[in-house]
Amino acid sequence: MVRRFWWKGSDDSYRFLTLANWESICVPKRWGDLNFKKFEELNFALVSKLGWNLAAENNSLWCQFFKDKYFRRSNSFWCAPKSNAWSFGGKSIMSTREFIWEETCYVVGNGASVDICHSPWLPGYAWESYVASLNPRVCEKGVMVSSLVTTGSGVWNHEALEKWFIPGIVKDVLAVPRLSLEANDELFWKSASDGSFSVKRAYLARIRDRCLNDESLWSTLWKIRGHERIKIFLCRLLEIYSRLGVGFNVFSVRRSGPWGFCSDSMVFSDNLDMIKWLLQLYGTPLAERDIALFSIYAISLCFVLWRTRNSTFHDGSCPVVSKIQQEISVLVAHWSLVESPMLVRQVNMPNFEVVEFFRDLPWSDVNVFVDAAIRGEFGIAAIILLDRSGDEIEAATVKRKVSSSFEAQLAAIHLAAAEFCKLLGRECPSSRTASWR
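All the letters of the sequence shown, read from the start, carry residue numbers -3 to 433 under this note's numbering.
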């Protein structure tokens, strides 16, 4: 009905011309379409709210009635067998179970309400791969995760884990973050920063595959001239749910940059919005010439925090704020700019102090500028050759071991002489000799 009204308006004729696929139009505006909603998908998201209440052990009256009627043998949303004798409403609610399984995950506390075989409690595994990791000889419903934990100490029981899972999965189970043994198990929605469910989040998760097929942001990410690890990190933010908090004081890290970066007031609906903001900043009080540099700093900060979180979680290392600040500074210093039209335009804005400096120089046909920097036992020399109008003729860098900054400067001068000789060799056959400074 909506489709017919959109294409033909109030015309009563049955036939009408469709100029675009209805699937492509029913996509949110953030992905470049009209945000029409298909009734089937919206209804599914609404019904999944009822399924979420059952899965999260909601104590409302209707949940108790539903469990007493349909969960007599199992008393669990995850393992209750479907039956043709169920009502239409009961079948509709249970049809959302697979969807909810893929979009949710338990944070295990005492493990008393998490079914080993049927509940989503092992992050990073789809339903098919999780079932394949179980030992079919011991797999049975109704056995809780609490049976995998040693009574008293609360640590994982390695013998029980090796009995239930194939060897490659045991190490993933040991790495699962847990609440205290006294805490109850908590179910959270993976794409929500606070773990809570909403119909909007369920709807976006339902149409995710259709919306991200033509997302141009992927190609933008791979045009970054930075380190490949940072590209992979940004792409992973689009694919997995990740929270950069690691339980230590990151406030001083956020404030350590030249812009006093603090993300407490920045709320993103998902990782895609965060990536777009990192690449093309908006809503900041910065001057245009600083936005590109701030983008580099923000991406570097996110990358270092994520790497520190992994090191803390997997290796048990204690994060040091001063070390994190140093890693961010080093990464920013070695960062190459993003090939985004907005960023390139901003970075290419002239620095007026530099312009005044170059304007006072006695320019000739070829102008050679050299510089060098030293870090540890390595020195980096750079050279750039400009013509009379200021356009680049040649540029080069070299990295080598040096004993002092003076040796690094000599290496830069040597590089300048070598590059000028190359230029001179190209100009001599044309009977031209450039004057240079």
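Quick reminder that beta carbons are idealized off the backbone N, C-alpha and C, glycines included. Given the structure is predicted, the values throughout are model-derived calculations rather than measurements.
Residue i and residue j closer than 8 Å at C-beta
{"i": "residue 380", "j": "residue 398", "result": "no"}
{"i": "residue 367", "j": "residue 384", "result": "no"}
{"i": "residue 100", "j": "residue 184", "result": "yes"}
{"i": "residue 291", "j": "residue 277", "result": "yes"}
{"i": "residue 134", "j": "residue 159", "result": "yes"}
{"i": "residue 114", "j": "residue 75", "result": "yes"}
{"i": "residue 98", "j": "residue 117", "result": "no"}
{"i": "residue 199", "j": "residue 41", "result": "yes"}
{"i": "residue 51", "j": "residue 73", "result": "yes"}
{"i": "residue 411", "j": "residue 391", "result": "no"}
Distance between beta carbons of residue j and residue i, contact taken as under 8 Å
{"i": "residue 31", "j": "residue 24", "result": "5 Å"}
{"i": "residue 110", "j": "residue 140", "result": "6 Å"}
{"i": "residue 375", "j": "residue 407", "result": "6 Å"}
{"i": "residue 37", "j": "residue 202", "result": "5 Å"}
{"i": "residue 434", "j": "residue 181", "result": "One cannot answer for residue 434 here, as it falls past the ends of the chain, which runs -3 to 433."}
{"i": "residue 324", "j": "residue 296", "result": "5 Å"}
{"i": "residue 274", "j": "residue 299", "result": "Not really, about 10 Å apart at Cβ, beyond 8 Å."}
{"i": "residue 377", "j": "residue 394", "result": "5 Å"}
Nearest candidate by alpha-carbon position, reference residue i, set the options
{"i": "residue 86", "options": "44, 290, 271 and 158", "result": "44"}
{"i": "residue 145", "options": "228, 157 and 137", "result": "157"}
{"i": "residue 163", "options": "394, 187 and 131", "result": "131"}
{"i": "residue 217", "options": "412, 413 and 271", "result": "271"}
{"i": "residue 84", "options": "393, 414 and 62", "result": "62"}
{"i": "residue 152", "options": "171, 288 and 137", "result": "171"}
{"i": "residue 66", "options": "57, 55, 81 and 56", "result": "81"}
{"i": "residue 168", "options": "225, 21 and 119", "result": "119"}
{"i": "residue 207", "options": "220, 149, 19 and 64", "result": "19"}
{"i": "residue 14", "options": "-1, 54, 26 and 78", "result": "-1"}
{"i": "residue 138", "options": "396, 186 and 112", "result": "112"}
{"i": "residue 269", "options": "94, 22 and 27", "result": "27"}
{"i": "residue 388", "options": "396, 365 and 401", "result": "365"}
The beta strand (DSSP E) enclosing residue i, as first and last residue numbers
{"i": "residue 390", "result": "388 to 397"}
{"i": "residue 381", "result": "374 to 382"}
{"i": "residue 58", "result": "Premise fails: residue 58 lies in the alpha helix (DSSP H), 57 to 66, not in any beta strand (DSSP E)."}
{"i": "residue 97", "result": "Run containing residue 97: none in the beta strand (DSSP E); it sits in the alpha helix (DSSP H), 93 to 99."}
Limits of the unbroken alpha helix (DSSP H) element including residue i
{"i": "residue 84", "result": "84 to 90"}
{"i": "residue 182", "result": "Careful: residue 182 lies outside any alpha helix (DSSP H), inside the beta strand (DSSP E) at 182 to 185."}
{"i": "residue 41", "result": "35 to 51"}
{"i": "residue 167", "result": "163 to 170"}
{"i": "residue 125", "result": "123 to 128"}
{"i": "residue 207", "result": "204 to 207"}
{"i": "residue 20", "result": "18 to 21"}
{"i": "residue 155", "result": "154 to 160"}
{"i": "residue 325", "result": "317 to 329"}
Could you check whether the region 175 to 186 touches the region 100 to 109, counting it as contact only if at least three pairs of C-beta atoms, one from each stretch, sit closer than 8 Å? yes
With contact counted as at least three CB pairs below 8 Å, one residue from each stretch, are the region 182 to 196 and the region 44 to 64 in contact? yes
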